[in-house]
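Have a look at the structure below before the remarks.
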Amino acid sequence: MAPGSAKRKRPDRQFSHDDGATRPSPHRPENLNMAQRTEGGGGRRGGRDSRRQSRQGGQMDSVNALPVGHRHVPSPQAQHLQPPVAQNSGTSGAGISRKSTPVQPTGTPAPQPTEEGPKEPPPPPAPYVYEHVSDQTVDSWQDSGKQSLLNAAKESDEMTISVILQELLQSALDGRLDGTEAGLVVRQLVADRQQDDDVDVTALFLNNLSMCDESEARKPALAQLVAATNIDPELIRQDLDTAMLQNLGLVRSIFQKMRARKTTNMLYRQANYNLLREETEGYAKLLTEYFNIAEEASGNREVSDEMAEDAFQRVKALVGAFDLDPGRVLDITLDISANALVKAYGFFIKFYRCSSWWPDDSFLDNVKWERDEGPSALPSWALPGSNGNAYAEDESMEMLKLKEARDDTFWSRLRDEGMDAFFQLNARRIVDYDSVAELLNTEEPETRDGKGNLINEDKRKRIMENRKYMRETRTLPPPGNADAAQLLGFKLSFYASSARDATDSMPENLIHFTALLIKVGFISLRDIYPHLYPPDEKMPEERTRLEKEKADKEAKERPGGAPNALALAGLLTDDTLPPAARRAIDKDRSGGTTPKPEKKDEEDQEALPPPPNQKLMLLKALLAHGNLADSLFILGRFPWLIDVDPTLPPYLLRIVKHMLSKMMDATRPLRERSGLSDAREQHVGDATVGSEGSTRSGVRPSKRPPQRWLQLETLSEKEGTPGRYYYTDWADTVPVCRDLDDVLLLCNTFLPILGVKIGQDALILGTLVRLARQNLIEEGSDANRTRWLELMRRLLVPALSLTKHNPSLTEEVYQLLMVYPVTTRFDLYADWFGGRTSRLPDIVTAFNYNRAEVKEVLRRISNDNAKMQARALGKIAYSTPGVLVTFMINQLESYSNMIPALVECTKFFPKLAYDVMIWCLIKALSGQGRDRMQGDGMLTSPWLQALSQFVASLFSHYSDLNPSPILQYLASELRNGDSTNLEMFDQVLAEMAGIRSDTEFNDAHVLAMAGGEQLQTQVVQQLADKRHQSKSSAHRLMKALADPGLIGQTLISISQERQMYAH
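Those letters in the sequence shown? Residues 1 to 1063, per the UniProt record's numbering, in order.
Given below as structure tokens:
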């Protein structure tokens, strides 16, 4: 090899003179950390060995431990105190055993005895009360004392054996017993109680040994005792402190120095191998193998249990063959599963269900539980031993029975407990809570090691959290793998961190995959929730941002809300100026004289977009999977989410639609006629004409199967093909209403979350309206009418404002309102358009949108194009007639010349709009604090004249309008002494009956009026009286006055008013 081209040495192969060698040793794989992990019970599951290694900075035994020989070879310190035994032949350096008694290295000469002066006598031992190793036992040690002590220890408990070991140790230190004899007794005790799981004699002995002070540790008897016990030196090194180990000769004198050096090398020097200890080949094979299996499962509907089990066994084989990290392997499988979620979700559920990562109930204190009869969140086809990823025909019938049993229990519990019943869906309730109440109220004790450090603190916290959850809910917490939740949480946290790029967007399949794992029970919401962005303390800021975005979007979508293109255009160029001057002006306007800004760094220019609201995204995904309990938990913490995000209500409406599915089928119009939704026949190729001239060739286009995706059930915007949510079993855990009582219960519990937003779904609102009308017709009791009236005031009637101008819904709502009298209807209209309901955020938004639509149409109306604009106004009148009529009244009061056009525009109004118009006219006639007379006190105000003219013209044109309510209001005001409304009486009589009050007769007319009927008709026609042309409207006016008994009252009131004025 050329000079200077040698490889850089690995840090763990560097030569050190502290090792006692003269040159670097050759590479020995058995001395590396990976090789030592499997010895002496080490490795990841090494228990106390691995815990001690991590506490002392890694695998230091292979470097700092003294060479050991055969287990019967005594250490140099105890060699002169132990009787000689036969030694094994062989090389002392090569025959190292990690389970032998420690000795000095053979290469180091033993210390030679030196002549010393007379020693002082040792101090007398401290007083000690011996209970088991008494003086009598020591005196008869060889005869019967030793055996009696062993016999007594065989049947003793843990405390007694600990006392015996302590007395043996103290006897050896005080010289009462030989150290080797005491050690042999300890060895015998270990052997006798080796099969006893309750008492660990070795641990008890080491605990007593660790309590010896420094002066006692230096006594030779202690080394003799330890050597005679034949306890594994590795175990001793793990439990005892460094000073004790040095005194016993189990480590070198330079152990502390070597420990610091090796720790520094391991922590602060980078070796030239992968820091994560990953095998590239192993992970590459894992990726390829798992992805190929997922691709194979995506095209196979019948995913068998053996397929998932075989896939997991392959993954386990790769982990073992390449020593892969199980956590990293789980992370990789989660990535691939999220990527291929839509195609192979059934295989992934089966895979994780049969894997060792599936959560268990080890932290639940073995509490007994039960679950309501019904489908579980984990589909039965995903259980071990099941085939396919869908229910078979017989399984579907069984599922129907389970759902019916579940519905019976749920609606009964909802009636008793309210909204808590939704949180108990698929919950595991504790069977006998009183029997475990004491256990759940106790605190889990802390576990500490020899140095006082807490052990498994996370496990303790988990147990305490579970007990708190069980105390508060009396149900078991949802199952979940905390490690898998943490891995998914790190992925979600990345898309809210500053480490992402501007192009990194939140994958939609990742959040839906997380929701799926929560639904089936692989992870729990409480484990993933802390990783979601934004945190709870930043949600108020997120609310402000979402409200601003919603307001901006609504302003842009509102008619006339888009920016005016003419206003955004620049100034026009003055053509009268010379060309040179025009170019100079254009250059100034375009910023040609402005100096160019300095270029900033690319990092400054590319600002990161705000992270997405992951809690909102997860809420939608949970609702899409039918997970009501976890969804309501998030909605309960942030109920304003449904108001600030317009994309959230469709997910809740989908749940409600499924809960009302049975009632929808029972009340669906034209349900007897099948095939109404089928596509029409389309002609393909050359059509042949029959003998009667009819085209005979035509085919009906075949229905394409719906495409599976991550969106709700709708049509594709690009292709127009139907699509459905990929997880077809989402509705298994959603209860269904059985009868009308369940529907009313649903309207009082779950539907208030949506409120008037139910109007966004025509099926839901139409079903509720039809059920209400049918029930009111069948049962007209006051209690039933009051119950439905409250629901109509709160939900059904105001929800019409959020519909997209649906004529069918408007007609059904009108038919429902006609069940109640006119006073009740007008009271509903007053609350809808001017009361508490009108101040709801959704109603305000709908009113603003419809008001903008009305302005957009009315500003184009004239007497010439009234017929063309009438349809546009009629369309607006379907959802919010009160807003439209109020705006029309304001317009005609200001511009009386628009009255004929506005009357013509009401031609296409629905019946509900006509009914609301009567209420709006009465409200306008009340004046609302305006002056009804002009300043001179002689004539009525212009607004009242215009309104009277509009009302009279309206009633004469449209027979669907009932003038009786307005006439009753006028009669009531006239009885109260308000004569200003006589203006409207005059206009109504002139328009509907053709009778004018300002007719003047001369003498000839008076004489002619004394003639017959035909002569009187001719005279009246000459005076511009039109009563002969208004017979139909006159009959309607007479009927409107006669039915409520207003004819006599009105005549009396007019006569009384006339008597007040003599001239």
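Ideal Cβ positions, reconstructed from N, Cα and C, are used throughout, including at glycine.
Since we're looking at a predicted model, the values are computed, not measured.
Please state whether DSSP places residue i in a helix, a strand or coil.
i	result
Glu409	The residue asked about is misnamed: residue 409 is Thr in this sequence, not Glu. Note: Thr409 maps to helix in three-state DSSP.
Met506	coil
residue 1064	Outside the shown range of the chain (1 to 1063) lies residue 1064, about which nothing can therefore be said.
Ile236	helix
Arg428	strand
Gln1059	helix
Thr442	coil
Arg526	helix
Val734	coil
Val190	helix
Arg448	strand
Leu670	coil
Val1019	helix
Glu660	Residue 660 is actually Leu in this sequence, not Glu. Residue state, collapsed to three classes: coil.
Leu378	coil
Thr980	helix
Leu383	coil
Leu488	helix
Thr647	coil
Leu532	coil
Leu177	coil
Here's a check: name, in chain order, each residue in its chain whose Cβ is nearer than 8 Å to the Cβ of residue i, leaving out the five neighbours to either side.
i	result
Asp361	Leu476, Pro479
Phe887	Arg851, Val854, Lys855, Leu858
Ile764	Leu653, Val656, Lys657, Leu660, Ile758
Glu281	Phe322
Quick one: using the 10 Å Cβ neighbour count with 16 as the cut-off for buried, is residue i buried or exposed?
i	result
Gly117	In this predicted model, Gly117 has a pLDDT of only 47, less than 50, meaning its place in the structure is not dependable; the value taken from the coordinates is given anyway. Exposed, by the Cβ-count rule.
Arg773	buried
residue 1067	With the chain covering only 1 through 1063, there is no way to say anything about residue 1067.
Glu713	exposed
Gln614	buried
Val520	buried
Arg237	buried
Arg1036	buried
Lys538	exposed
Gly374	buried
Tyr345	buried
Ser210	exposed
Leu947	buried
Glu983	buried
Ser862	exposed
Thr721	exposed
Asp394	exposed
Once the 5 residues before and after residue i are set aside, which same chain residues still bring their CB inside 6 Å of it?
i	result
Val436	Val367
Glu158	Val199
Thr803	Gly759, Leu809, Ser879
Ser1033	Ser956, Met992
Trp411	Asp742
Ala913	Ala877, Pro881
Leu954	Val903
Can you list, in chain order, the residues of its chain whose CB lies under 7 Å from that of residue i, leaving out five sequence neighbours each side?
i	result
Met419	Thr749
Leu746	Met659, Cys737
Ser964	Ala1040, Asp1043, Pro1044
Arg314	Glu289
Pro900	Asn863
Would you list the residues sitting across from residue i in a DSSP beta bridge?
i	result
Tyr725	Trp709
Leu168	In the DSSP output, where bridge partners are listed per residue, Leu168 has none listed.
(request) Return the chain-ordered ranges of every alpha helix (DSSP H) run that is complete within the stretch 120-162 and spans a minimum of 4 residues. (result) Counting only runs of 4 or more, we get 135-139, 146-154.
(message) So within the stretch 318-375, which uninterrupted alpha helix (DSSP H) runs reach at least 4 residues, ignoring any that extend past its ends?
(response) Correct list: 326-339, 341-354.
(request) Go through the stretch 775-806 residue by residue and report every complete run of the beta strand (DSSP E) that reaches 3 residues or more, in order. (result) Runs of the beta strand (DSSP E) lying entirely within the stretch 775-806 and spanning at least 3 residues: none are present.
(request) Let me know the beta strand (DSSP E) ranges lying completely inside the UniProt domain "THO complex subunitTHOC2 N-terminal" (873-948), each 3 residues or longer, listed in chain order. (result) If we require 3 residues or more, the UniProt domain "THO complex subunitTHOC2 N-terminal" (873-948) turns out to have no beta strand (DSSP E) run fully inside it.
(message) In chain order, what are the residue ranges of uninterrupted beta strand (DSSP E) at least 3 long that sit wholly in the stretch 802-870?
(response) List check, beta strand (DSSP E) in window: nothing returned.
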